[in-house]
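These notes are about the structure you will find just below.
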Amino acid sequence: MQFFDFHHHKKNISYGIYNLDLESCPEDFPYSIGIHPKDIDVNNIENQFDWLRSNVTENCFAIGECGLDSIVKTDLKIQGEIFLKQIKIANELKKPIIIHCVRKFYEVISFKKHAEQPMIIHGFNKKENIAKDLLKNNFYLSFGKAVLYNLSLQNTLKSTPLDKIFLETDNEDFNIEELYQKVSEIKGISLENLNKQILENLETIKNG
Ligand SMILES: [Zn+2]
Numbered sequence: 067m068q069f070f071d072f073h074h075h076k077k078n079i080s081y082g083i084y085n086l087d088l089e090s091c092p093e094d095f096p097y098s099i100g101i102h103p104k105d106i107d108v109n110n111i112e113n114q115f116d117w118l119r120s121n122v123t124e125n126c127f128a129i130g131e132c133g134l135d136s137i138v139k140t141d142l143k144i145q146g147e148i149f150l151k152q153i154k155i156a157n158e159l160k161k162p163i164i165i166h167c168v169r170k171f172y173e174v175i176s177f178k179k180h181a182e183q184p185m186i187i188h189g190f191n192k193k194e195n196i197a198k199d200l201l202k203n204n205f206y207l208s209f210g211k212a213v214l215y216n217l218s219l220q221n222t223l224k225s226t227p228l229d230k231i232f233l234e235t236d237n238e239d240f241n242i243e244e245l246y247q248k249v250s251e252i253k254g255i256s257l258e259n260l261n262k263q264i265l266e267n268l269e270t271i272k273n274g
């Protein structure tokens with residue numbers, strides 16, 4: 067069985083969504099393209115958007131990762147403007163949006179009203195109340211390696227509806243099958259059905 071890796075940075079994985087590095091070329095397998103908050107260069111932002119727009123091919127699955135990050139150096143107001151611009155590109159191209167968020171979940175929620183396409187928080191590993199508020203606002207949550215050992219996150223996952231879930235390796239070096247196995251235990255469903263559900267979720271977000 068093959069297991070879809072919703073968000074990763076490894077060129078050797080073709081069954082999933084590969085996140086393109088800034089200024090790199092599109093791949094011949096599904097990828098996401100966006101301006102990560104850490105990569106924002108205010109003096110070069112027009113070129114960064116040109117790169118984004120001109121590298122959306124038929125293999126582009128999503129816009130992202132983009133979003134808000136309280137740790138990077140770029141001012142949050144500027145991050146917000148650049149996030150909004152990417153939301154508008156996603157609306158125009160009818161692509162889902164993969165979101166990177168560090169400690170700015172309520173601000174990210176406030177951007178949801180601008181999005182006409184599904185929004186997925188990648189690498190979700192925060193508390194259950196944040197998950198609840200995101201789900202209430204129709205976000206999807208993509209879970210990664212932390213599920214393997216973080217008990218409170220396992221509880222959050224337990225109460226997250228199956229049709230709102232994705233699974234990913236991101237930058238971590240481990241086999242995604244391990245994560246699918248763990249999630250199938252936590253959710254009490256077979257690996258086959260979990261796999262099927264994730265593929266249905268992908269179809270759903272693809273169709274807006
Ligand atoms: Zn990532």
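67 is the number of the first residue of the sequence shown in this note's numbering; add one for each residue after it.
Even glycine gets a Cβ: it sits at the ideal position worked out from N, Cα and C.
Computed from a predicted structure; not experimentally measured.
Residue j beta carbon less than 8 Å from that of residue i
i	j	result
glycine 274	glutamine 183	yes
methionine 185	lysine 179	no
glutamate 251	histidine 74	no
isoleucine 155	isoleucine 187	no
asparagine 267	isoleucine 242	no
leucine 245	leucine 223	no
phenylalanine 69	asparagine 261	yes
isoleucine 271	tyrosine 206	yes
Residue closest to residue i, alpha-carbon to alpha-carbon, out of the options
i	options	result
aspartate 107	Val249, Gly130, Thr140 and His73	Thr140
glycine 133	Ile144, Lys198, Pro92 and Leu268	Ile144
glutamine 152	Ser176, His102 and Gly189	His102
isoleucine 175	Leu200, Ile163 and Lys272	Leu200
asparagine 121	Leu142, Asn110 and Ser98	Ser98
phenylalanine 190	Gly210, Ala181, Asn204 and Asn203	Gly210
isoleucine 83	Phe115, Asn113, Ile163 and Glu158	Ile163
methionine 67	Gly254, Glu269, Gln247 and Lys272	Gln247
Enclosing alpha helix (DSSP H) for residue i [first to last residue]
i	result
asparagine 121	Looking at the DSSP string, asparagine 121 is not in any alpha helix (DSSP H), and its letter there is neither H nor E.
isoleucine 155	142-159
leucine 200	194-202
serine 176	171-177
Residue i CB to nearest heavy atom of ligand 1 below 7 Å
i	result
asparagine 191	no
aspartate 236	yes
glutamate 131	yes
asparagine 78	no
histidine 75	yes
histidine 188	yes
asparagine 216	no
Residue i: first and last residue of the uninterrupted beta strand (DSSP E) it sits in
i	result
glycine 82	82-85
leucine 233	231-233
valine 168	163-168
tyrosine 206	206-209
tyrosine 246	Note, tyrosine 246: premise wrong, no beta strand (DSSP E); alpha helix (DSSP H) at 242-253.
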